[in-house]
Amino acid sequence: MVKRKLCEPLENCKGNLYFDGFSVEDLAQKYDTPLYVISEKQIRENYNRLYNAIVSKYKDLRIYYACKANANLDVLKVLQSEGAYFDAVSPGEVFVGLSSGFTPDHILFTGVSVRNDELKFLVDAGVTVNIDSQSELDRLLKIAVPSTISVRVNPEVGDGHHDHCITAGPQVKFGLCEEAVLKVYATAKKARVEHFGIHMHIGSGILKVDSYVQAVEKFLGIAKRVHDELGIIFDFIDLGGGLGVPYHPNDEAMDLLEFTSKVVSLFKSKVKEYSLGKPFLCIEPGRYIICDASILLTTVNTVKVTPYRKFVGVDSGFNTLIRPAMYGSYHHILVANKLNSKDSTMFDVVGPLCESGDVLAKDRELPQVVEGDVLAILNAGAYGFSMSSQYNSRPRAAEVMIRQGKPVLVREREQFQDLLTRQRVAQQGE
Ligand SMILES: Cc1ncc(COP(=O)(O)O)c(C=O)c1O
Numbered sequence: 062m063v064k065r066k067l068c069e070p071l072e073n074c075k076g077n078l079y080f081d082g083f084s085v086e087d088l089a090q091k092y093d094t095p096l097y098v099i100s101e102k103q104i105r106e107n108y109n110r111l112y113n114a115i116v117s118k119y120k121d122l123r124i125y126y127a128c129k130a131n132a133n134l135d136v137l138k139v140l141q142s143e144g145a146y147f148d149a150v151s152p153g154e155v156f157v158g159l160s161s162g163f164t165p166d167h168i169l170f171t172g173v174s175v176r177n178d179e180l181k182f183l184v185d186a187g188v189t190v191n192i193d194s195q196s197e198l199d200r201l202l203k204i205a206v207p208s209t210i211s212v213r214v215n216p217e218v219g220d221g222h223h224d225h226c227i228t229a230g231p232q233v234k235f236g237l238c239e240e241a242v243l244k245v246y247a248t249a250k251k252a253r254v255e256h257f258g259i260h261m262h263i264g265s266g267i268l269k270v271d272s273y274v275q276a277v278e279k280f281l282g283i284a285k286r287v288h289d290e291l292g293i294i295f296d297f298i299d300l301g302g303g304l305g306v307p308y309h310p311n312d313e314a315m316d317l318l319e320f321t322s323k324v325v326s327l328f329k330s331k332v333k334e335y336s337l338g339k340p341f342l343c344i345e346p347g348r349y350i351i352c353d354a355s356i357l358l359t360t361v362n363t364v365k366v367t368p369y370r371k372f373v374g375v376d377s378g379f380n381t382l383i384r385p386a387m388y389g390s391y392h393h394i395l396v397a398n399k400l401n402s403k404d405s406t407m408f409d410v411v412g413p414l415c416e417s418g419d420v421l422a423k424d425r426e427l428p429q430v431v432e433g434d435v436l437a438i439l440n441a442g443a444y445g446f447s448m449s450s451q452y453n454s455r456p457r458a459a460e461v462m463i464r465q466g467k468p469v470l471v472r473e474r475e476q477f478q479d480l481l482t483r484q485r486v487a488q489q490g491e
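Below, the structure is given as structure tokens:
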């Protein structure tokens, strides 16, 4: 059995799993499953660890939390109280950010394939837009001339835990390559835009700094050309998100010290060498902030042994957590009341959906699981709830946050009635 050393907010109390001080079995009993449990304390710790590591090297720092990872209002409020900024990839996310209390000057929008009415919404909301194409800028300028424009650069170096998550390089749809970047800034300058930023985001789930270093080097070279050839001064330079976290017990965490000493030092030295002034250094982490701050609790419905395989059937499928089905991602699973169990059996952990791909873990050694056991799926905070769906007409899970030392329901479980929301039956003659 692959053992995972438990560290905060997880604890082994006489063989029973506790999360941020609470028995997960008690939480599952009180709130039912599937249930996402979130630790406020862990969010704050993650944010501050990252902030302190970078700010010690470069003081003009802004951390934009990428809310696509988890847009729960309470998560956003916690981060807002820490001084975070807010990264949105859709107008809906801008709406959620504003609703949670972020002010427009703290919100950055980075979209792709943006509609005209969405551009109008962003202009009216007063948030800064990262331009993704010449067409987007041309259409935006017909609506209004914003005071600030930033451009998403494709530095042609990408990385990520899966092909779907690599967002820079020759094959991807995101951002603009070098010559096109210069043209977009020239257009913005001619239109009398006054303030500028520049942005890249090369991918998600990056555990080694080398690709990041390469991308930053190329990216800042492009920033230098924009500065030298167009006289543009950047208020901010945004390196995007992507910092990975370990999911498998054998994964090594990204070395934060290495990240700051290589990436931030490179940033600092190039900004000086290229005379880029005193821009804010911005980063946009999502996963790093929220991933290990939440677990998914799910109950075992059936244990089924066929001549070929042993299945543990639980009440969460890829409707609740899609990462294993979508990316083949590994999520460590603990049986809540059997942490000290010595014996183990190989199981496939499967969900309740009518899909053979509805598998949360394949060939996983677990203690002797029985019906009614509660399983904890670790590292479920990033791209867990936010990617969940009502597929197979299954209502979405509830979310509980351990907030100021006690569990609080921060998202109610959906009910059958929610499956009918916004549907209308066509009337005769319509
Ligand atoms: C533009 C942008 N910024 C930031 C992020 C956050 O990435 P991560 O959660 O890997 O830090 C993403 C996610 O892919 C993104 O698309």
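Sequential numbering of the sequence shown, starting at 62, is according to my numbering. Don't be surprised by glycine CBs; every beta carbon is placed ideally from N, CA and C.
Near ligand 1: T171 beta-carbon under 7 angstroms from a heavy atom: Yes, ligand 1 has a heavy atom inside 7 angstroms of this Cβ.
Residue of N77, F477, Y444 and S450 minimising C-alpha distance to S265: Y444
Neighbourhood of N215 by C-beta, 8 angstroms cutoff - its chain only, sequence neighbours within 5 removed: A229, G230, V233, F235, G236, L237, C238 and M261
Whole runs of the alpha helix (DSSP H) within the stretch 356 to 408, excluding any shorter than 4 residues: 384 to 388
Collapsed DSSP secondary structure at Y119 in the structure displayed: coil
beta-carbon T189 near ligand 1 non-hydrogen atom, thresh 7 angstroms: no
P456 beta carbon less than 8 angstroms from that of L421: For L421 and P456, no; Cβs fall outside 8 angstroms.
For I227: DSSP bridge partner residues: G264
Proximity of E345 and D148 at Cβ, strictly below 8 angstroms: Contact annotation: E345 and D148 have beta-carbon atoms nearer than 8 angstroms.
Ligand 1 heavy atom lying under 7 angstroms from the CB of L268: no
Proximity below 8 angstroms, CB of R105 to CB of L317: no
Burial state of E313 (16 or more Cβ within 10 Å): exposed
Buried or exposed by the 16-neighbour rule on C-beta atoms within 10 Å, applied to R370: The residue in question, R370, is exposed, as its Cβ has fewer than 16 Cβ neighbours within 10 Å.
Beta-carbon proximity of V218 to I263, cut-off 8 angstroms: Taking 8 angstroms as the cut-off, the beta carbon of V218 is found closer than this to the beta carbon of I263.
Given S377 as reference, the closest of A397, M407, V435 and V430 once Cα atoms are compared: V435
A437 and V85 closer than 8 angstroms at C-beta: yes
Beta strand (DSSP E) runs wholly inside the stretch 242 to 302, at least 3 long, in chain order: 256 to 260 and 295 to 299
Whole-Å CB distance - I267 paired with G301, under 8 angstroms assumed: That belief does not hold up - the Cβ atoms of I267 and G301 are roughly 10 angstroms apart, past 8 angstroms.
Segment contact flag, the stretch 199 to 211 with the stretch 252 to 261, C-beta cutoff 8 angstroms, min 3 pairs: yes
Residue of D353, P413, V364 and V274 minimising C-alpha distance to V324: The shortest Cα separation from V324 among D353, P413, V364 and V274 belongs to V274.
Beta-carbon gap between L360 and A145 smaller than 8 angstroms: The residue you asked about is not Leu; residue 360 is Thr in the sequence shown. Going by C-beta atoms, T360 is not nearer than 8 angstroms to A145.
R286 versus L243 - alpha carbon distance: 8 angstroms
S272 CB to nearest heavy atom of ligand 1 below 7 angstroms: no
Whole runs of the alpha helix (DSSP H) within the stretch 65 to 146, excluding any shorter than 4 residues: Within the stretch 65 to 146, complete alpha helix (DSSP H) segments of at least 4 residues are found at 85 to 92, 101 to 116 and 134 to 142, given in chain order.
Simplified DSSP state of D220, which is helix, strand or coil: coil
Inter-residue CB distance, A114 and T321 (contact presumed, cutoff 8 angstroms): 5 angstroms
Own chain residues within Cβ distance below 8 angstroms of N133, not counting five before or after: I99, F446, E460, M462, V471 and R472
Pick from G389, I394 and D419 that is closest to H225, judged by C-alpha positions: G389
Paired residues, beta bridge with S468 - DSSP: A small fix is needed here, since residue 468 is Pro in this sequence, not Ser. Note: P468 sits in a beta bridge opposite I463.
Rounded separation between L137 and Q489 - CA only: Going from the Cα of L137 to the Cα of Q489 covers about 45 angstroms.
Contact test: D199 Cβ vs ligand 1 heavy atom, cutoff 7 angstroms: no
Pairwise C-alpha distance: M315 and C135: In the sequence as presented, Cys is not what sits at residue 135; that position holds Asp. Per the coordinates, the alpha-carbon of D135 lies some 27 angstroms from the alpha-carbon of M315.
Burial state of P468 (16 or more Cβ within 10 Å): Per the 10 Å Cβ criterion, buried.
Helix, strand or coil at C238 [DSSP, three-state]: coil
Start and end residues, alpha helix (DSSP H) containing F156: P152 to S161
Sequence-distant residues of its chain with Cβ nearer than 6 angstroms to A284 (five each side left out): I259
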